[in-house]
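Chains as they are written, first to last, in UniProt numbering: chain U, 1 to 252; chain H, 1 to 252. The C-beta atom is built at its ideal place from N, Cα and C for all residues, glycine as well. What follows is a single structure, written as C-alpha cells, with notes after it.
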DNA sequence: CGATCTCTTGAGTTCCCTCAACTTAGGTGG
DNA sequence: CCACCTAAGTTGAGGGAACTCAAGAGATCG
C-alpha cells in the first residue's frame with residue numbers, strides 16, 4: 001500500500017501518539033509496529049473544520065498528530081461550549097462505535113493532522129496487545145479526570161481561577177508531550193475559543209487575561225503563553241498537579 | 001461461600017445492574033451468572049459516608065445496587081462540586097485500578113447498598129465475556145456523555161435551564177431503571193446537594209425551584225419530583241432526549 | 001419536645017454579561 | 001508596497017443574574 005518513504009513519514013507523524021502511550025505503559029517493538037500501522041494515512045483539517053458532527057454515526061477512532069482539536073456542542077440559543085481540547089498525541093473515545101450517533105461535534109481549532117484507527121484495527125489491537133490496551137485505557141481515564149476537573153472549574157471557580165487553572169492544565173499537558181519550554185508554550189487559541197471552553201464571554205476573558213498580566217502571573221501574546229510566576233499561577237488556580245495522573249500505577 | 005439463600009438475595013440485589021447492562025447488550029445466562037457471582041457481598045453505606053476519598057489508592061470497581069451515590073471534589077476554599085450521580089445499576093470506572101490515586105471522592109448521598117467487583121474478576125469478565133465487556137463499555141460511554149452534558153449545562157445554561165435539564169436527565173435515568181412512574185419519581189437530594197451538582201448556591205436553587213413550580217413545569221416535595229408539564233420542562237431545559245444514548249447501535 | 005437540618009424569603013452586593021466603539025494584527029489584491 | 005478587509009483584541013458604561021448574609025418557618029429524629 002505505501003512505499004517505505006511513506007512508512008517513515010507516518011512513523012514520524014505518529015510519534016507523539018505512540019510516545020504518549022509509551023509513557024503510560026512501556027510498549028514493545030511489536031506494539032509500536034502495529035500502532036504505526038494502524039494510525040497510518042493521516043488527513044489534514046483546516047481551522048474550524050469539523051472532523052465529525054453531532055448526530056453523525058461514529059466512525060473510526062481519531063488520533064491527533066499535529067495541531068489542536070476540540071469537542072464542542074452548540075445550544076439552541078447559539079451558545080457554544082467546548083468540552084475538551086485534544087493536543088497532539090490525544091485520541092478520541094475507544095469504543096465510540098458502540099454508540100448510535102455522536103452527542104457532540106469535534107472540530108479542528110488550528111490546522112490539524114489527524115489519523116484514524118478503524119474499528120477492526122482497534123478491536124484487534126485491544127484484544128491482542130495488552131500493553132496497548134492498558135495504555136489506551138489509562139489515557140481514557142486521564143481524559144475523564146480532565147472532564148471532571150472542568151466540571152469543578154466551571155462550577156465552582158471564579159473567572160480568574162478558571163483561566164489560571166486551564167492554563168496550568170494546558171501547560172502540563174503541553175510539557176508532557178514536549179511542546180513546552182520552561183515557562184512558555186504555544187497556545188494557538190483565540191480569546192473567543194478560551195471563553196467557549198471556560199463558560200465565559202470573550203470580553204471577560206480579555207479582562208481576566210489583563211488582570212493576570214498586570215498581577216505578573218502570566219501573559220499571552222501572539223499565540224504563546226509565558227508563565228511569569230508559576231507559584232502565583234498555581235496558587236490562584238488552586239491547581240492540583242496530580243490530577244493529570246502523570247505517574248501511572250505499576251503494571252501488576 | 002454463600003448459602004443458596006444468600007445467592008438468591010444477591011441475585012435480586014444485583015438485578016438493576018444486570019438489567020441495565022442487559023438493556024445495553026443482550027446477555028446470556030452464563031453472562032448473568034458470572035455477573036451475579038462477581039457483584040456479590042454488597043455493603044451498606046450511610047448518607048454522607050465516603051466509599052473512597054481523593055488521594056486513596058483505587059480499589060475494586062463499585063456497583064450501586066440501591067440508593068444514590070455521587071462523585072465530588074472539595075476545593076481549597078471549601079466549596080464542593082458534585083461531578084456525577086450514580087443511581088442503582090450504575091458502576092464506577094472500569095479500569096480505575098490503572099491509576100495511582102483517586103482524583104476525587106465518592107460518597108453515598110442516601111443510604112446505599114454497594115457491591116464491588118475485584119480487579120481480577122473484572123479482567124476475567126472483560127476478557128472472556130464479550131457481551132459483558134460491550135455492555136460495560138457502552139455504559140461508560142453513556143457516563144462520559146453525561147459528564148459532557150454537565151459541562152455544557154454548567155458552562156452555558158442559566159440557573160433555570162440548568163435545574164430543568166438536570167431534572168430531565170435524572171427522570172430519564174430513573175425511568176430507564178424502573179424507578180419512575182409516569183411524570184413522578186423519587187429524588188432524595190436536598191437543595192444543597194442539587195446546588196453542589198449544578199454549580200449554584202442552595203438559596204438560588206430554592207428560588208429557581210419556586211419559579212419552576214409557579215410556572216407549572218415541575219414541583220419537588222418530600223424527596224419526590226412531579227413533572228407537571230413535561231413539554232414545558234424539556235423546552236426550558238433545551239433537553240435533547242437522545243444524549244443518553246438509550247438506543248445502542250446493533251452489535252456488528 | 002428540644003435539637004438540628006432543610007427549606008424559604010428578603011435586602012443588598014458582586015461578578016460577569018451585554019452592547020458598543022475603537023485599536024491592532026494579519027492577509028490579500030491592486 | 002500600500003490600501004483594504006477582516007478577524008482578533010481592548011476598553012468603557014450600564015445592567016442583570018446569581019451570590020452573600022441574615023432571619024425565620026417547617027420538618028425530622030432521638
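Determine the DSSP secondary structure at residue i, reduced to helix, strand or coil.
i                      : result
residue 261 of chain H : No information on residue 261 of chain H is available, as it lies outside the stretch 1 to 252 that chain H covers here.
residue 225 of chain U : strand
residue 219 of chain H : strand
residue 239 of chain H : coil
residue 38 of chain H  : helix
residue 65 of chain H  : strand
residue 205 of chain U : helix
residue 282 of chain H : Residue 282 of chain H lies beyond the range of chain H shown here (1 to 252); nothing can be said about it.
residue 25 of chain H  : coil
residue 234 of chain U : helix
Please report the Cβ distance between residue i and residue j, rounded to the nearest whole angstrom; I am assuming they are in contact, meaning their Cβ atoms lie under 8 Å.
i                      : j                      : result
residue 58 of chain H  : residue 97 of chain H  : 5 Å
residue 66 of chain H  : residue 88 of chain H  : 6 Å
residue 226 of chain H : residue 184 of chain H : 5 Å
residue 108 of chain U : residue 69 of chain U  : 5 Å
residue 205 of chain U : residue 163 of chain U : 7 Å
residue 27 of chain H  : residue 135 of chain H : 7 Å
residue 81 of chain H  : residue 196 of chain H : 6 Å
residue 156 of chain U : residue 228 of chain H : With a Cβ gap of about 31 Å, residue 156 of chain U and residue 228 of chain H do not count as contacting.
residue 148 of chain U : residue 147 of chain H : 7 Å
residue 188 of chain H : residue 110 of chain H : 5 Å
residue 218 of chain H : residue 233 of chain H : 6 Å
Kindly indicate if chain U contains any beta-carbon less than 8 Å away from that of residue i.
i                      : result
residue 243 of chain H : yes
residue 1 of chain H   : Unreliable positioning characterises residue 1 of chain H in this predicted model, as indicated by a pLDDT of 40, which lies under 50. The coordinate reading is nonetheless provided below. So, not an interface residue.
residue 167 of chain H : no
residue 150 of chain H : yes
residue 210 of chain H : no
residue 229 of chain H : no
residue 34 of chain H  : no
residue 59 of chain H  : no
residue 20 of chain H  : no
residue 154 of chain H : yes
residue 96 of chain H  : yes
residue 26 of chain H  : no
residue 204 of chain H : no
residue 199 of chain H : yes
residue 184 of chain H : no
residue 238 of chain H : yes
residue 45 of chain H  : no
Looking at the secondary structure, which residues open and close the alpha helix (DSSP H) in which residue i lies?
i                      : result
residue 123 of chain H : 119-128
residue 57 of chain H  : Run containing residue 57 of chain H: none; DSSP gives neither H nor E here.
residue 169 of chain H : 159-176
residue 195 of chain H : 191-198
residue 91 of chain U  : Unbroken run through residue 91 of chain U: none, as it is neither H nor E.
Measuring only between beta-carbons, confirm whether residue i sits less than 8 Å from chain H.
i                      : result
residue 8 of chain U   : With a pLDDT of 41 at residue 8 of chain U, under the threshold of 50, the modelled position of this residue cannot be trusted; read the value that follows with caution. For residue 8 of chain U, the answer is no, since every Cβ of chain H falls outside 8 Å of its Cβ.
residue 225 of chain U : no
residue 81 of chain U  : yes
residue 134 of chain U : yes
residue 221 of chain U : no
residue 218 of chain U : no
residue 111 of chain U : no
residue 93 of chain U  : yes
From the DSSP secondary-structure annotation, give me the bridge partner or partners of residue i.
i                      : result
residue 85 of chain H  : H:70
residue 107 of chain H : H:50, H:70
residue 139 of chain H : BP columns for residue 139 of chain H are empty, so no partner.
residue 114 of chain H : H:43, H:64
residue 181 of chain U : U:184
What are the boundary residues of the beta strand (DSSP E) that residue i is part of?
i                      : result
residue 184 of chain H : 184-186
At a cut-off of 7 Å, is residue i close to the ligand SAM when judged by its beta-carbon and the heavy atoms of the ligand?
i                      : result
residue 207 of chain H : No copy of the ligand SAM appears in this structure; indeed no ligand is present at all.
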